[in-house]
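Chemist: Sharing a structure below in structure tokens format, with a few things to ask.
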């Protein structure tokens, strides 16, 4: 999956390089392409601090944030959009 750079109902749209299908992030539904109408399987995740994860999974590794690119992974690229009551695109 990649990020299309598009929004649909103010939500990120992902694309599937294999089928060229566009997917809504909010519900995992295909909205454009050969898989339109299908839904992605939901996968549960855990959000934990690295120290706790490493205790239970000592062989784990993380990607370096030193990528050589200017984008900072710890910073939300949408900035304050989520905190503002103004919607750029109506829902």
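In the working numbering, the protein residues as written are 161 to 251.
Yeah, the Cβ is synthetic: ideal placement off N, Cα and C, and Gly gets one too.
(1) Could you tell me which of 169, 186 and 194 sits nearest to residue 176, measuring between CA atoms?
(2) What residue from 234, 215 and 216 has the CA that sits closest to residue 223's CA?
(3) What is the rounded straight-line gap between the Cα of residue 167 and the Cα of residue 173?
(4) Is it true that the segment 182-189 meets the segment 197-210, where meeting means three or more beta-carbon pairs spaced less than 8 Å apart?
(5) As an exercise, report each continuous beta strand (DSSP E) stretch of at least 3 residues that is fully enclosed by the segment 175-216, in chain order.
(6) Residue 213 and residue 204 - do their beta-carbons sit closer together than 9 Å?
Modeler: The structure says:
(1) Counted from its first residue, the chain shown places residue 176 at position 16. Nearest of 169, 186 and 194 to residue 176, Cα basis: 194.
(2) Residue numbering aside, residue 223 sits at position 63 when the chain shown is read from its first letter. For residue 223, the nearest C-alpha among the options comes from 234.
(3) Looking up residue 167 in the chain shown gives position 7. Looking up residue 173 in the chain shown gives position 13. When rounded, the distance between both Cα atoms is 6 Å.
(4) yes
(5) 181-184 and 190-192
(6) Position 44 of the chain shown, counting from 1, holds the residue named residue 204. Position 53 of the chain shown, counting from 1, holds the residue named residue 213. It is not a contact, given that the beta carbons lie outside the stated cut-off.
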